[in-house]
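First to last, the protein sequences are chains A and B.
Here the working numbering is used: the first residue of the first sequence is 1, the next is one more, and so on.
Here the working numbering is used: the first residue of the second sequence is 1001, the next is one more, and so on.
Backbone N, C-alpha and C define an ideal beta-carbon position, used for all residues, glycine too.
Read the structure below first, then the notes.
There are 2 protein chains.
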Amino acid sequence: MTNAARTDSDHADMPAAGAPPTRIQRLPSRLLNQNANRADRLAAERLSAVGARKWHYAVLSSLEESGPASQAELSRRTGIYRSDMVALLNELAEHDYVRRAPDPDDRRRNVVLITDAGRTRLEELAKLIRQIEDDLLAPFSPAERELLIDLLLRLNEHLETR
Amino acid sequence: MTNAARTDSDHADMPAAGAPPTRIQRLPSRLLNQNANRADRLAAERLSAVGARKWHYAVLSSLEESGPASQAELSRRTGIYRSDMVALLNELAEHDYVRRAPDPDDRRRNVVLITDAGRTRLEELAKLIRQIEDDLLAPFSPAERELLIDLLLRLNEHLETR
DNA sequence: CGAATGTCAGAGTCACTGATATAG
DNA sequence: CCTATATCAGTGGCTCTGACATTC
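Shown next, in the form of structure tokens:
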């Protein structure tokens, strides 16, 4: 009735793999969730090995790609909430990967800049991320990867406005 | 620097839509997450209007599609943890959508069955879910929907084993 | 004045762990 | 004896809300 040799508290009492997908397994929302969770775990595992989280990469990457920005602007770019950005930047600043400087033109703002150490860190994380994404998409051909990303981008755009 | 007329605490300080995607916006793991969250919110909103959650549908659907099962078996089918299944079944049983009967062949088990009321509820939820998925995938042609689901299924299979 | 910024404190949800009593 | 089942209690992470002082 059950399957292989697994002790009690494994993952979530896994199904008998290889079976044809049930109705709920074909639900896009479910598929998205399951894939997101698994991809996240994979990424978190690898990144925690170097003491990083994916948000670190997101922020550093944005700073390098689009230049310095206020925290609110960074928040917009990355999709991370203003309120959560604070602690995140604290983490990055502790390691001197970023620096906060008061904006002379607008004293409400901090200008956040990436440091040299931050750039080095970013390269390290970028390499890791590339490996992770590559493992993630291992079963797909380059064309399929493009296709998947494109579909997800379009879906994202559609859901953005609800 | 900012965009339209939005009060302070909207969503997450949204980006200027329509811009070309940045590096991080093209990351599959990020795309999956964002889409999953948004799809979830959409589903939760609609389902809460009739006092349901997506897990209700998952369980009822599984019972109808694959027949009665023990809680552990249901857990395997749906991917919901055994420990979370308890409260979920309590909710469903309160409304008499499912019933727990002791399994005569194995007194550790409860056999969970769907009731007539449960079947009616399932139909109601299935209709809602169809609408939700339809809205979710609105921008895609039928062929593209199949494609997306197929890609996500394959990805899921791949990540299942890590 | 209304709106944006950085910050903090906390809610709600979800995946997940661990332990226990009971039964195979 | 080891394993499975149903159950309960609790953790950790993440999204998200609300409020506040300061500045535009």
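- In the DSSP assignment, A/R100 falls within the beta strand (DSSP E) that extends over V98 to P102.
- Here DSSP, grouped into helix, strand and coil, assigns A/V112 to strand.
- If you check each beta-carbon in the segment 19-31 of chain A against every beta-carbon of chain B, the ones closer than 9 angstroms belong to P21, T22, R23, I24, Q25, R26, L27, P28, S29, R30 and L31.
- The segment 43-67 of chain A is shown to contain whole alpha helix (DSSP H) runs of 4 or more residues at 54-66, in chain order.
- Beta-bridge annotation (DSSP): B/A1069 is paired with B/V1112.
- Taken in chain order, the members of the segment 138-153 of chain A whose beta-carbon sits within less than 9 angstroms of a beta-carbon on chain B are A138, P139, F140, E144, R145, L147, L148, I149, L151, L152 and L153.
- At a cut-off of 7 angstroms between beta-carbon atoms, B/N1156 makes contact with chain A.
- Listed along the chain, the chain A residues whose CB falls inside 8 angstroms of the CB of B/N1035 are L32, A36, L152, L155, N156 and L159.
- For A/L147, the closest of B/A1019, B/P1068 and B/L1031 by C-alpha to C-alpha distance is B/L1031.
- Our two residues, A/A58 and A/R26, have alpha carbons roughly 30 angstroms apart in a direct line.
- In this structure, A/R99 lies near A/T115, with their beta-carbon atoms less than 7 angstroms apart.
- In the three-state scheme derived from DSSP, where H, G and I count as helix and E and B as strand, A/G79 is classed as coil.
- Between B/A1043 and B/I1132, the C-beta spacing is below 7 angstroms.
- Within chain B, the residues P1028 and S1029 have their CB atoms less than 7 angstroms from the CB of A/L136, given in chain order.
- B/R1130 and A/L125 have their C-alpha atoms spaced approximately 41 angstroms apart.
- Among the CB atoms of chain B, one or more fall inside 7 angstroms of the CB of A/S61.
- For A/E94, the nearest beta carbon of chain B is not closer than 7 angstroms to its own beta carbon.
- At a cut-off of 7 angstroms between C-beta atoms, B/E1065 counts as an interface residue with respect to chain A.
- For B/R1154, the uninterrupted alpha helix (DSSP H) segment begins and ends at P1142 to E1160.
- Here A/T161 is exposed, its C-beta having fewer than 16 other C-beta atoms within 10 Å.
- Around the C-beta of B/T1078, 16 or more other C-beta atoms lie within 10 Å, and the residue is accordingly described as buried.
- With contact defined as three or more Cβ pairs closer than 8 angstroms, the segment 85-97 of chain A and the segment 108-122 of chain A are in contact.
- Chain A places no beta carbon closer than 7 angstroms to that of B/A1101, leaving this residue out of the contacts.
- Taking a 10 Å sphere around the C-beta of B/V1112, we find 16 or more other C-beta atoms and assign the residue as buried.
- In terms of beta-carbon proximity, B/A1049 stays away from the interface with chain A, with every pair separated by 7 angstroms or more.
- In the three-state reduction of the DSSP assignment, A/R23 falls in the coil class.
- The beta carbons of A/N156 and B/Q1034 sit about 6 angstroms from each other, so the pair counts as a contact at 8 angstroms.
- Rounded to whole angstroms, the separation of the alpha carbons of A/G18 and A/L74 is 43 angstroms.
- Inclusion of B/L1136 and B/A1039 in the CB contact set at 7 angstroms is warranted, their separation being smaller than that value.
- About 7 angstroms separates the Cβ atoms of A/L128 and A/L47, confirming a contact at the 8 angstroms cut-off.
- Just so you know, the alpha carbons of B/L1089 and B/L1063 end up roughly 12 angstroms apart.
- Ranked by Cα distance from A/A69, the first of A/D134, A/R108, A/E45 and A/I24 is A/R108.
- Taking the CA atoms as reference points, A/R53 sits about 49 angstroms from B/D1105.
- B/E1133 belongs to the set of residues whose beta carbon lies under 7 angstroms from a beta carbon in chain A.
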